[in-house]
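Letter by letter, the sequence shown follows residues 1 to 555 in full-length UniProt numbering. Where a beta carbon is used, it is the ideal one built from N, C-alpha and C, also for glycine. Structure first, commentary second.
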Amino acid sequence: MSYIYKRASKVVSWTGPATSGSDVAMTLIGELSQIFDERTSSMDKATAERDNLKTYHHAMNEAKATAQAQVDTSLSDNMEAWVALSNFLDRPYWKRAWIIQEIAVARYIIIQCGHMTVFWPDVVKAVLIWNEAITVKISNDSTLLVCHDSVDTLRVFRQHAYTNTPLRLLDALNQSWACLATDPRDKIFALLGLAYDTANFLPSPSYNRTLTEVSIAMTISAVSSFRSLDIIALLGQGYDEKSDMPSWTPMWTKLGGYRNEFHVKYLHSNAKVPVHDLDAALEPRSGLLPNVTNRSHFDASRGSRPIVQFDGPVATVRSLQIDSIHVLSFHVLSSSLLAAAEIATIDGSSSCKSPSLPNPYGTKAGVFHALWRAFTICGDWSLIRDDEDYLTNLWSPKGREAMQEYAPMVFSWLSHNENFLVHGHTIRQWIEDFKWSYKPLRKILGTKFEHKFNRGIRRTLYGATTRTVVYDINHMLRMDYQLLITAGGYIGWVPNNSQRKDIVCLLSGCSIPVILRERVEQGYYMIGAAYIPGLMDGEGMKDLDDTAWTSFSLY
Numbered sequence: 001m002s003y004i005y006k007r008a009s010k011v012v013s014w015t016g017p018a019t020s021g022s023d024v025a026m027t028l029i030g031e032l033s034q035i036f037d038e039r040t041s042s043m044d045k046a047t048a049e050r051d052n053l054k055t056y057h058h059a060m061n062e063a064k065a066t067a068q069a070q071v072d073t074s075l076s077d078n079m080e081a082w083v084a085l086s087n088f089l090d091r092p093y094w095k096r097a098w099i100i101q102e103i104a105v106a107r108y109i110i111i112q113c114g115h116m117t118v119f120w121p122d123v124v125k126a127v128l129i130w131n132e133a134i135t136v137k138i139s140n141d142s143t144l145l146v147c148h149d150s151v152d153t154l155r156v157f158r159q160h161a162y163t164n165t166p167l168r169l170l171d172a173l174n175q176s177w178a179c180l181a182t183d184p185r186d187k188i189f190a191l192l193g194l195a196y197d198t199a200n201f202l203p204s205p206s207y208n209r210t211l212t213e214v215s216i217a218m219t220i221s222a223v224s225s226f227r228s229l230d231i232i233a234l235l236g237q238g239y240d241e242k243s244d245m246p247s248w249t250p251m252w253t254k255l256g257g258y259r260n261e262f263h264v265k266y267l268h269s270n271a272k273v274p275v276h277d278l279d280a281a282l283e284p285r286s287g288l289l290p291n292v293t294n295r296s297h298f299d300a301s302r303g304s305r306p307i308v309q310f311d312g313p314v315a316t317v318r319s320l321q322i323d324s325i326h327v328l329s330f331h332v333l334s335s336s337l338l339a340a341a342e343i344a345t346i347d348g349s350s351s352c353k354s355p356s357l358p359n360p361y362g363t364k365a366g367v368f369h370a371l372w373r374a375f376t377i378c379g380d381w382s383l384i385r386d387d388e389d390y391l392t393n394l395w396s397p398k399g400r401e402a403m404q405e406y407a408p409m410v411f412s413w414l415s416h417n418e419n420f421l422v423h424g425h426t427i428r429q430w431i432e433d434f435k436w437s438y439k440p441l442r443k444i445l446g447t448k449f450e451h452k453f454n455r456g457i458r459r460t461l462y463g464a465t466t467r468t469v470v471y472d473i474n475h476m477l478r479m480d481y482q483l484l485i486t487a488g489g490y491i492g493w494v495p496n497n498s499q500r501k502d503i504v505c506l507l508s509g510c511s512i513p514v515i516l517r518e519r520v521e522q523g524y525y526m527i528g529a530a531y532i533p534g535l536m537d538g539e540g541m542k543d544l545d546d547t548a549w550t551s552f553s554l555y
């Protein structure tokens with residue numbers, strides 16, 4: 001179909017018959033498009049005459065103010081039209097999987113509703129104006145609380161095609177996960193004509209296969225193409241008793257969410273695909289995914305090659321069990337706050353007082369540094385400033401005030417886990433106590449660091465390049481991860497659905513440790529990737545030979 005749309009001189013997209021208010025909505029689209037054009041024209045004129053910087057800024061501000069005044073007037077005088085537009089943009093048409101292809105590659109698009117038509121660029125301009133007009137006034141109006149991400153998604157796909165930027169299938173699946181399709185397989189098939197690397201995932205799409213069979217085939221093909229098991233650790237759906245899909249198979253039709261965004265980026269950063277594919281994938285960058293903080297590479301299995309045998313829903317992998325989960329922290333998104341907090345405190349207390357629990361970090365300074373490494377493990381280390389200095393100020397008055405305002409999820413998580421014990425001290429004690437730091441001047445310079453932290457968190461959470469530990473803790477919480485202590489005494493992060501006694505394993509050909517859960521019958525379920533300092537770069541394989549590896553069957 002993409003070939004047909006590309007060759008057509010004109011494509012008319014039918015959004016459905018006219019309904020109450022649809023004509024008004026189409027008219028408003030034209031009006032908002034005109035406001036957008038007038039503002040753009042004024043701004044272009046100001047740019048052309050920018051010799052006088054003061055005059056330039058005045059002209060730019062005036063253009064924006066004039067456009068905003070027109071929008072405000074429209075909102076005040078014609079609210080019914082805005083409600084009608086909201087309803088129109090919420091039609092199922094905009095969310096259908098096959099529409100992505102239609103909008104993305106067509107040369108010239110006419111949007112038709114009933115007997116009225118508008119051009120596609122007019123819809124885009126109207127939505128851009130709409131997004132700018134979402135103020136407190138109208139956001140409190142429930143009739144206008146409609147998410148128009150579907151139109152924005154279509155716009156991004158079209159921009160990709162228009163600029164001839166190579167599109168990767170993983171990015172496309174991640175971006176379009178919320179689209180609708182009567183047959184869920186179409187959420188995959190509808191994108192195959194848009195991505196350049198389709199053959200790496202699904203060389204031969206077929207409706208003769210069930211969704212589960214398609215998903216397994218895509219996973220097997222992806223493992224072969226990436227030459228890595230990272231994809232089953234990072235994107236595998238994990239154990240879900242309600243699903244008939246293997247736990248190691250990604251849910252390709254629901255590849256959305258912040259965790260998947262991060263893991264898709266990680267996969268592409270470390271892809272072992274042929275060089276010509278890498279060139280297309282990385283230069284220019286795909287552009288569909290937002291800038292997610294990212295450490296570029298881990299090497300838990302020391303570059304080992306993937307050894308795996310697939311047999312229907314079973315994947316038999318070469319594995320090395322190195323640890324198990326001993327205690328988990330309270331998770332901030334849990335529905336039972338007090339109960340979870342109490343459990344975390346009790347389990348943490350018992351784990352840290354147990355004489356059998358070793359300290360792999362050796363000294364208290366080592367534990368302090370490991371805690372900082374755990375909090376920042378997925379951060380871009382080249383952008384982190386004063387590393388541990390930020391950690392020791394998480395409970396300073398100014399730091400807490402800034403965190404509560406700009407990072408409420410981190411504030412809540414730290415508050416509920418402040419008594420969680422790690423090798424004899426609570427998290428709060430580790431963070432507040434300066435003496436375990438590697439930097440002896442920290443006490444003397446404490447006031448300076450506190451000021452620096454307070455300023456840094458504000459800059460960071462508004463998108464500045466400087467990173468703080470708060471940014472990275474927030475990243476792990478948004479990934480839906482929780483802190484753990486292993487039976488071996490390691491500190492790290494695991495998926496929120498992990499449980500005590502789940503095992504920590506290395507897989508041959510996988511760059512990140514994984515959490516597995518033993519089945520009652522036989523074999524194991526894949527829970528997901530683990531981020532544990534001290535096990536991320538091959539340390540778990542130290543002094544081990546090939547005889548230590550064994551075969552695990554994943555279901």
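The DSSP-derived three-state label of E261 is helix. Straight-line spacing of the CA atoms in G489 and S247 works out to 27 angstroms. By the criterion of a C-beta distance shorter than 6 angstroms, F298 is surrounded in its chain by S511, I512 and M536, once the five residues flanking it on both sides are discounted. When N270, D149, A407 and I427 are compared, the shortest CA-CA separation from R91 is found for D149. R373 and L554 have their C-alpha atoms roughly 30 angstroms apart.
Restricting attention to Q429, L128 and I35, the CA atom closest to the CA of T153 is found in L128. With respect to S324, F420 sits apart: the two C-beta atoms are not nearer than 7 angstroms. Counting only runs of 4+ residues, the alpha helix (DSSP H) found wholly inside the region 134 to 215 occupies 136 to 139, 149 to 162, 169 to 175 and 186 to 189, in chain order. In the structure shown, L535 falls within a coil segment according to DSSP collapsed to helix, strand and coil.
The criterion of a C-beta distance shorter than 7 angstroms is not satisfied by M245 and T210. Under the DSSP definition of a beta bridge, W493 partners with L483 and Y531. At least 7 angstroms separates the beta-carbon of W98 from that of I111. The beta carbon of Q404 lies closer than 8 angstroms to those of F411 in the same chain, with the five residues before and after it left out. Cβ contact annotation for W177 (same chain, cutoff 7 angstroms, sequence separation greater than five): K254, L255 and G256, in chain order. One thing to note: F157 has its Cβ no nearer than 7 angstroms to the Cβ of A195. Per DSSP, the beta bridge partners of H425 are V422. Between C505 and V494, the C-beta gap is not smaller than 7 angstroms, which leaves the two residues out of contact. Contact between I322 and W252 fails: their C-beta atoms lie close to 30 angstroms from each other, not under 8 angstroms.
With 16 or more neighbouring CB atoms inside 10 Å of its own CB, V422 falls in the buried class. The beta carbon of L394 lies closer than 6 angstroms to those of I431 in the same chain, with the five residues before and after it left out.
Relative to the Cα of G303, the nearest Cα in the group N270, L191 and E31 belongs to N270. G523 and F552 have their C-alpha atoms some 6 angstroms from each other. About 14 angstroms separates the Cβ atoms of L516 and S301, ruling out a contact at the 8 angstroms cut-off. Looking at the DSSP output, T249 sits in no beta bridge, so it has no partner there.
For the options R400, T547, R428 and I377, the alpha carbon positioned closest to that of Y481 is the one of I377.
With respect to W94, L320 sits apart: the two C-beta atoms are not nearer than 7 angstroms. When only Cα atoms are considered, A126 and S22 end up about 15 angstroms apart.
By a beta-carbon distance limit of 8 angstroms, P205 contacts L192. Their separation comes to about 6 angstroms. Residue pairing by DSSP places A315 opposite F310 and L554 in a beta bridge.
Straight across, the Cα-Cα distance linking K501 with Y3 is about 53 angstroms.
The DSSP-derived three-state label of G523 is coil. At a Cβ-Cβ threshold of 7 angstroms, F375 and I473 count as neighbours.
For W549, the three-state secondary structure derived from DSSP is coil. In the assembly as shown, T40 is an exposed residue. Its beta-carbon has fewer than 16 other beta-carbons within 10 Å. Within the same chain, K125 come within 8 angstroms of D37 by CB-CB distance, once the 5 residues on both sides are set aside.
With contacts defined by Cβ atoms closer than 7 angstroms, Q101 and M1 form a contacting pair.
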